[in-house]
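These notes are about the structure you will find just below.
Protein chains: 2
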Amino acid sequence: MGTVSKALSLLAYFTHGRPEIGLSDLTRLSGMNKATVYRLMGELQESGFIEQADGDRSYRLGPEVLRLAALREAAVPILSVSRRVLKDLSEETGETTHLSLLQGSQLNSLSHAYSPRHATRVMMDDAEVLSYHGTASGLAVLAFAEPEFSETILTAPLPRHTADTVTDPGAIRTLLDAIRQSGVAQSVGGFEAEVHSHAVPVFGPDARVIGALAVAAPASRISDAQAAEIAAALLRAGQTLTRRIGGAAPAHYPQQAAA
Amino acid sequence: MGTVSKALSLLAYFTHGRPEIGLSDLTRLSGMNKATVYRLMGELQESGFIEQADGDRSYRLGPEVLRLAALREAAVPILSVSRRVLKDLSEETGETTHLSLLQGSQLNSLSHAYSPRHATRVMMDDAEVLSYHGTASGLAVLAFAEPEFSETILTAPLPRHTADTVTDPGAIRTLLDAIRQSGVAQSVGGFEAEVHSHAVPVFGPDARVIGALAVAAPASRISDAQAAEIAAALLRAGQTLTRRIGGAAPAHYPQQAAA
DNA sequence: AGTATCGGTTCATTATTTGAACCATTGGTT
DNA sequence: AACCAATGGTTCAAATAATGAACCGATACT
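Protein chains in written order, with our numbering: chain A, 11 to 269; chain B, 11 to 269.
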């Protein structure tokens, strides 16, 4: 691992639950030498990727990432395009919708929309890591990812998030086959209890899966009829999003399913 | 300059006008050795900061920056807070508004809002570099920045963007004094001809200037009365934004100006 | 007074980065 | 078809930068 990768890997320790990290904590988290962490953080700070909080001297993400994200969006406007699609989809279904993107081997939630229709909603955060086997989005991605990638995920230990999480690799492979048939993944309470979510894959220009579009609703609200409606709406929205970002579904993706 | 800074400095060559860069171009732009650039870009790619376009092999910003930006916003929600302020301000003034933030020694536009009131509007891009001496935002920042910083900017060569750009450091110092008095900066056609813009500084938690909030309008539309209205609205909006992001104006900032 | 944190610093040792030169391909010119 | 000038990518000895154990001063708690 080069020095640059090491420095950038430090950025991965910042999450919603841990937005600021002190030098000693970061040293422990990363397992690197304190002097090394200190110097790397200094360089990240010079470049604006990191800044130090005013009170204590703990580190947090800096303003430079905003500039880069704005440029990325200008070049590849996935998020801005997705916002419209998410909004329309949440209005159509009356439920919370969200988009997640594959970043390296990690699936991250990146954008979401709520519907005002119901008082109870599934709440979402952006930049959260999604479980592959526990979420509909994760299953949708696995079903259409390269087989080696899916196998790597499935052969690693699969944590049990709730009582309903499916953790048997064999059972999941069966699920994935069904998803490949229908084009829509489903998960009931696999990550958070009482959350019923549906998801479809989103494809990039080379017809490879780049993420997933999902609808998440309180489980008690979802009848079979509603599930079918959501699935149909998702398939349409997924195809729209894939097309608008200049992507293309692979030939084997069930294009005409559910009118 | 450490290896990490070198790698990150490569990211700075990506702009709106140049969203994709090939290896050879990047080598020329950066002045580094080709092998060095190649290896650094490889590391940035592994971390998801860079990805390679499908067709040719040129580089562009990767999806990882989106995740970091979402986390930064969760920790320090300047952009999301500013969007409301910008929207209200553009509705109130009927003109285009934008927020720019100081990143290192560079001032970048990062968020904007349009008003539907007029058919002709000043158009904005996010993640564009703003001139200090040619824009109202730049002047607002200079007026309230550390004196050494302002002097560094003013003693460097000041490019003439339009026929109306003020490029004499002495004249600019006089302007800055006036801005410190009124709290509002103004520039007519200093960066783009026919654009009349007003701007106020935005302050961080340590009462240091972190950016500027601006209103930009076609010069022909701005009468003295309208300029006064815009200035008043800007002062109010600037104070709101500074407060909402947990910032504080310095004691010498004209707080009560224009009720 | 003692001790266990914390952020930050030092400097000889070590390992990584560097760059000139080299390949293989592609696309345009003669 | 031969040539030239690009491109992205690769090699390896030499130069440089990264590393880590130990140390410092400050703060807070026992």
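Just so it is clear, CB atoms sit at the ideal spot from N, CA and C, and this is done for glycine as well.
Buried versus exposed, by CB contacts within 10 Å (16 or more), residue i
{"i": "Glu83(B)", "result": "buried"}
{"i": "Met51(A)", "result": "buried"}
{"i": "Tyr263(A)", "result": "buried"}
{"i": "Leu251(B)", "result": "buried"}
{"i": "Pro73(B)", "result": "buried"}
{"i": "Asn118(B)", "result": "buried"}
{"i": "Gln196(A)", "result": "buried"}
{"i": "Phe24(A)", "result": "buried"}
{"i": "Ser147(B)", "result": "buried"}
{"i": "Glu156(A)", "result": "exposed"}
{"i": "Ala269(B)", "result": "Residue confidence is low: Ala269(B) scores 38 on pLDDT, short of 50, so the model does not pin down where it sits. Its coordinate-derived value is still stated next. Exposed is the call here."}
{"i": "Ala261(B)", "result": "exposed"}
{"i": "Pro108(B)", "result": "Reading off the sequence, residue 108(B) comes out as His, not Pro. So His108(B) counts as buried."}
{"i": "Gly27(A)", "result": "exposed"}
{"i": "Gln249(A)", "result": "buried"}
{"i": "Ala267(A)", "result": "Because the pLDDT of Ala267(A) is 45, which lies under 50, any placement of that residue in the model is unreliable, and the number read from its coordinates should be weighed accordingly. Its Cβ having fewer than 16 others within 10 Å, Ala267(A) is exposed."}
{"i": "Ser57(A)", "result": "buried"}
{"i": "Glu105(B)", "result": "buried"}
{"i": "Ala247(B)", "result": "buried"}
Boundaries (first-last residue) of the alpha helix (DSSP H) holding residue i
{"i": "Ala17(A)", "result": "13 to 21"}
{"i": "Val219(A)", "result": "No alpha helix (DSSP H) contains Val219(A), which is instead part of the beta strand (DSSP E) from 219 to 228."}
{"i": "Ser92(B)", "result": "88 to 103"}
{"i": "Leu152(A)", "result": "146 to 154"}
{"i": "Glu239(B)", "result": "234 to 254"}
{"i": "Leu76(A)", "result": "74 to 85"}
{"i": "Pro179(A)", "result": "179 to 192"}
{"i": "Leu54(B)", "result": "44 to 56"}
{"i": "Pro126(A)", "result": "Counting along the chain, Pro126(A) falls outside any alpha helix (DSSP H), and DSSP gives it neither H nor E."}
{"i": "Thr37(A)", "result": "33 to 40"}
{"i": "Glu158(B)", "result": "157 to 165"}
Neighbour list for residue i in chain A, Cβ cutoff strictly below 7 angstroms
{"i": "Asn118(B)", "result": "Arg77"}
Cβ of residue i within 9 angstroms of any chain B Cβ
{"i": "Glu74(A)", "result": "yes"}
{"i": "Ser141(A)", "result": "no"}
{"i": "Ala242(A)", "result": "no"}
{"i": "Pro29(A)", "result": "yes"}
{"i": "Thr25(A)", "result": "yes"}
{"i": "Leu223(A)", "result": "no"}
{"i": "Arg70(A)", "result": "yes"}
{"i": "Ala259(A)", "result": "no"}
{"i": "Leu186(A)", "result": "no"}
{"i": "Leu21(A)", "result": "yes"}
Nearest neighbour of residue i, chosen from the options [CA to CA]
{"i": "Leu186(A)", "options": "Val225(A), Ser160(A), His26(A), Glu101(A)", "result": "Ser160(A)"}
{"i": "Gly17(A)", "options": "Pro215(B), Leu21(B), Leu54(B)", "result": "Inspection of the sequence shows that residue 17(A) is occupied by Ala rather than by Gly. Comparing Cα-Cα distances from Ala17(A) to each of Pro215(B), Leu21(B), Leu54(B), the minimum goes to Leu54(B)."}
{"i": "Leu71(B)", "options": "Thr103(B), Ala224(B), Leu111(B), Glu30(B)", "result": "Glu30(B)"}
{"i": "Ala209(A)", "options": "Arg67(A), Leu96(A), Ala79(A)", "result": "Leu96(A)"}
{"i": "Pro211(B)", "options": "Leu168(B), Val176(B), Gly257(B), Ser68(B)", "result": "Gly257(B)"}
{"i": "Ala137(B)", "options": "Ser110(A), Leu168(A), Leu78(A)", "result": "Leu78(A)"}
{"i": "Ala80(A)", "options": "Thr13(B), Ala224(B), Ser121(B), Arg218(B)", "result": "Ser121(B)"}
{"i": "Phe154(A)", "options": "Thr165(A), Gln191(A), Ala129(A), Thr130(A)", "result": "Gln191(A)"}
{"i": "Ser233(B)", "options": "Ser110(B), Gly65(B), Ser207(B), Ala181(B)", "result": "Ser207(B)"}
{"i": "Asp64(A)", "options": "Ala259(B), Ala237(B), Arg218(B)", "result": "Arg218(B)"}
Minimum Cβ-Cβ distance from residue i to chain A less than 9 angstroms
{"i": "Arg271(B)", "result": "Nothing in the structure corresponds to residue 271(B), since chain B is present only between 11 and 269."}
{"i": "Asp234(B)", "result": "no"}
{"i": "Glu158(B)", "result": "no"}
{"i": "Val86(B)", "result": "yes"}
{"i": "Arg246(B)", "result": "no"}
{"i": "Arg254(B)", "result": "no"}
{"i": "Ser57(B)", "result": "yes"}
{"i": "Asp35(B)", "result": "no"}
{"i": "Leu164(B)", "result": "no"}
{"i": "Gly114(B)", "result": "yes"}
Limits of the beta strand (DSSP E) - the one that residue i falls within
{"i": "Arg70(B)", "result": "69 to 71"}
{"i": "Thr106(B)", "result": "106 to 113"}
{"i": "Ser207(B)", "result": "205 to 213"}
{"i": "Gln116(A)", "result": "116 to 123"}
{"i": "Ile60(B)", "result": "60 to 62"}
{"i": "Val198(B)", "result": "195 to 198"}
Residue i CB to nearest heavy atom of the ligand PLP below 8 angstroms
{"i": "Leu251(A)", "result": "Among the components of this structure there are no ligands whatsoever, and the ligand PLP is therefore not found."}
Beta-carbon neighbours of residue i, restricted to chain B and to distances below 7 angstroms
{"i": "His262(A)", "result": "Near His262(A) there are no residues of chain B at all, since even the closest Cβ is about 20 angstroms away, more than 7 angstroms."}
{"i": "Ala137(A)", "result": "Arg77, Ala80, Leu81, Ala84"}
{"i": "Leu89(A)", "result": "Leu76"}
Residue i: contacting residues in chain A (beta-carbon distance under 8 angstroms)
{"i": "Glu53(B)", "result": "Gly12, Val14, Ser15, Leu18"}
Amino acids of chain A, ordered along the chain, whose beta-carbon sits closer than 9 angstroms to that of residue i
{"i": "Asp216(B)", "result": "Asp64"}
{"i": "Leu111(B)", "result": "Pro73, Leu76, Arg77"}
Contacts that residue i makes with chain B (C-beta to C-beta distance below 8 angstroms)
{"i": "Leu50(A)", "result": "Val14"}
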